[in-house]
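One structure is given here, and the rest of the page talks about it.
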Amino acid sequence: MTTPAADRYGSDLVVEMLREAGVEYVAFNPGSSIRGLHESLNAAGGPPYPVLCLSEGVAVTVAHGYAKSTGRPMAVLLHDVVGLQNATMSLYNAWCDRVPMLVVGGTGPLSKANRRPWIDWIHTAGMQAEAVRNYTKWDDQPHDLESVPESFARAWTTAVSAPPGPVYWCLDVDLQEQPLPAGFTRPPLAAYAVPTPPAPREQDLRQLAERLRHASLPLLVSGYAGATPQGFAALLALAELLHSPVLDVGPRLAFPTAHPLAAASMPDLVRDADLVVLFDVEDPVGALRRALDGNRADVVHVGTSHLRLRSWSHDYQALAPAGLHITGDSVPALEGLVRQLTDDPADRALVGARELRVAGAVAANRAAALTMAQGRDDPAAVPVERLLAELRTALDGVDFVLGNSTTDRVEHDLWDLDRAGQWAGHTGGGGLGYGVAASIGVALAVPAGTVVVDVQGDGDLLYAPQALWTAARLALPLLVVVHDNRCYGNTAGHLRRVAADRGRPAGRGYAGNALDDPAVDLAGLARSLGVAAWGPISDAAALATAFKDAIETVRAGRPALVDVLTPGGPGTS
1 MTTPAADRYG SDLVVEMLRE AGVEYVAFNP GSSIRGLHES LNAAGGPPYP VLCLSEGVAV
61 TVAHGYAKST GRPMAVLLHD VVGLQNATMS LYNAWCDRVP MLVVGGTGPL SKANRRPWID
121 WIHTAGMQAE AVRNYTKWDD QPHDLESVPE SFARAWTTAV SAPPGPVYWC LDVDLQEQPL
181 PAGFTRPPLA AYAVPTPPAP REQDLRQLAE RLRHASLPLL VSGYAGATPQ GFAALLALAE
241 LLHSPVLDVG PRLAFPTAHP LAAASMPDLV RDADLVVLFD VEDPVGALRR ALDGNRADVV
301 HVGTSHLRLR SWSHDYQALA PAGLHITGDS VPALEGLVRQ LTDDPADRAL VGARELRVAG
361 AVAANRAAAL TMAQGRDDPA AVPVERLLAE LRTALDGVDF VLGNSTTDRV EHDLWDLDRA
421 GQWAGHTGGG GLGYGVAASI GVALAVPAGT VVVDVQGDGD LLYAPQALWT AARLALPLLV
481 VVHDNRCYGN TAGHLRRVAA DRGRPAGRGY AGNALDDPAV DLAGLARSLG VAAWGPISDA
541 AALATAFKDA IETVRAGRPA LVDVLTPGGP GTS
């Protein structure tokens, strides 16, 4: 006799809670330890909707890009030990980049009596979360169905509370497939409030506002302050109240690139600052070194980075000297400063002097940068600056978001990026295989009609080219532009420097890192995965047509890739 099927199972409960939390998508690569969750997703019919990926690292990075674009978590399902191990580099990227993410792992069966020979033994760990505990905010593995609702609520509220980050939440395969008891009830997720962000003390903001009123040349430096539309707007308002230059060091777009106060185009003003205020800057020493070039200005640090310290990785960067360090989320800090300086404005003479000093500087510097980029040429390849200038022209009139770029933000000097989220930021942890997958996450989040642009190197693409298949399967509005130097350019630079330091010839700088013999047919690879593709293109004059055709293809509902040969590799300058 067969046992009648239950109405609901443990995995159904999890999917119900994901839906209640507002999760739109769940990215995963299938595996036996998440089969219950997979079947429950299929039975529910969405939301949340499954996003099939061809590796666990791609799945996590898709969720990474989505969270940066929306501020909300995706969920990721990870098959037990081996799936988790495949995902670790991408999870470290997400941790370093402070993105909210709910990572749901499967394991077991924990019951030895229920294990299949060999496979279930090698894929079960006693404390599976230890593999990622040093770069997640929290982890848990609830023991029974009655423990699941409270544990899920803690996982969710921990992931999204400031400063956000990924959490790892693990479920035994038997628990997923266990029938829910008759009459099983749980509190609604809304019963568990998300902790409010840490707000700075009023007396600290008053002290900082007083310093800003009387500084000769205050410099505002932004890290994660622009991660939300509210932070982007508040930083812009504060800068315009003070007429203070803003240095946006990433890892999100925090300030319009063409604004008259965009300090990246005013290095002299940056060096002359007598007061520097850092808003949620993860690497303050690096930012100060670039900003001040040895000038000893008064430094104030506002942020929450110190609340997420770990000792396993030194991702916390060097400790910056600061006369005042204010604990607080950047949004309430910026909004509080705007209120105070609106009610009691800064010295008008000082503000007027700054207005005269910065007038026209950004526009002149950006015009010069664009003229230089448009004039760059190379007989065998397309200089990256020229590539970006041509792409800028092709995107004129197109509603676009830059989902990823690996050009050291050169495009920020050439393109007008003017709204929160228009550049999604870098990898966070420096792990490769990021660009296409993160841009897929951004593409899942953007409004209809928006083109997501991914400008990236060939080396990063070849770490996870299978991500292109997911973009094709979902018909996402994604344009991938590869600056293809057919080598690991970063490595080539290191080798040249080491050889020079040792007095050795630099001619073998490409041994062991060149990708030219045989050269990978990136366009052909993209086509095999369902993505329209052009290239390789080595003539800058041919870019306009290729970009036009590729953008039209994306707007028609199919992702596209353009492979552009750039200098810096074997056989090029």
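Its first residue numbered 1, the sequence shown is counted upward by one per residue in this note's numbering.
Backbone N, C-alpha and C define an ideal beta-carbon position, used for all residues, glycine too.
Since this is a predicted model, take the numbers as computed values, not measurements.
- The beta carbon of L350 lies closer than 7 Å to those of S216 in the same chain, with the five residues before and after it left out.
- Counted as a single uninterrupted DSSP element, the beta strand (DSSP E) harbouring C170 occupies residues P166 to D172.
- Taking a 10 Å sphere around the C-beta of I34, we find 16 or more other C-beta atoms and assign the residue as buried.
- Nearest to A367 by alpha-carbon distance, out of A237, E411 and A129, is E411.
- Measuring C-alpha to C-alpha distances from I119 to each of L102, G428, L319 and V81 identifies V81 as the nearest.
- Looking at the DSSP output, I119 shares a beta bridge with no other residue.
- Taking a 10 Å sphere around the C-beta of Q456, we find 16 or more other C-beta atoms and assign the residue as buried.
- At the C-beta level, A129 and D144 stay beyond 8 Å of one another.
- Exclusion of the five residues before and after E39 leaves S11 as the residues of its chain whose Cβ lies within less than 8 Å of its Cβ.
- The C-alpha of I537 lies about 13 Å from the C-alpha of R486.
- Looking at V442, L468, V562 and D484, the one whose alpha-carbon comes closest to that of H64 is V442.
- Around G509, the same chain offers A492, L495, R496 and A499 as residues with beta carbons nearer than 8 Å, after the five sequence neighbours per side are excluded.
- Between V221 and the set Q203, T157, P188 and G303, the nearest pair of CA atoms involves G303.
- By the Cβ criterion, the stretch 229 to 239 is not in contact with the stretch 184 to 202, since fewer than three pairs of Cβ atoms, one from each stretch, lie closer than 8 Å.
- The beta-bridge partner set that DSSP reports for I326 consists of V302.
- Closest in alpha carbon position to E146, among I551, G183, L414 and R354, is G183.
- The alpha-carbon separation between A333 and R339 amounts to approximately 10 Å.
- Three or more pairs of CB atoms, one per stretch, sit closer than 8 Å, so the stretch 256 to 264 contacts the stretch 414 to 431.
- In this structure, the beta-carbon distance from Y168 to V132 falls below 8 Å.
- For the options V14, A159, G430 and G503, the alpha carbon positioned closest to that of R308 is the one of A159.
- Scanning the stretch 54 to 98 for uninterrupted alpha helix (DSSP H) segments of 4 residues or longer gives 56 to 70 and 81 to 96, listed from N- to C-terminal end.
- Inter-residue distance for V453 and H306 is about 33 Å (C-alpha atoms, whole angstroms).
- Distance from the Cα of V76 is smallest, within the candidate group G126, L18 and A113, for L18.
- The beta carbon of V531 is closer than 7 Å to those of L468, A471, A472, P559, A560 and L561 in its chain, skipping five residues each way along the sequence.
- Under a 10 Å Cβ-count criterion, E282 is classified as buried, with 16 or more other Cβ atoms of the shown protein chains found around its own Cβ.
- Closest option to D248, judged by alpha-carbon separation, among L269, G36, D458 and A225: A225.
- In this chain, the beta strand (DSSP E) harbouring L220 covers P218 to S222.
- With respect to V26, M101 sits apart: the two C-beta atoms are not nearer than 8 Å.
- Counting other Cβ atoms within 10 Å of its Cβ, N93 reaches 16 or more and is therefore classed as buried.
- P117 and P47 have their C-alpha atoms spaced approximately 36 Å apart.
- In this structure, V451 lies away from R527, with their beta-carbon atoms at least 8 Å apart.
- Within its own chain, the residues whose Cβ lies closer than 8 Å to the Cβ of P505, once the five positions on either side in sequence are excluded, are A499, listed in chain order.
- Between D343 and T406, the gap from beta carbon to beta carbon reaches 8 Å or more.
- Under the three-pair Cβ rule at 8 Å, the stretch 44 to 62 counts as touching the stretch 422 to 436.
- Between D484 and A533, the CB-CB gap reaches or exceeds 8 Å.
- The DSSP-derived three-state label of H483 is strand.
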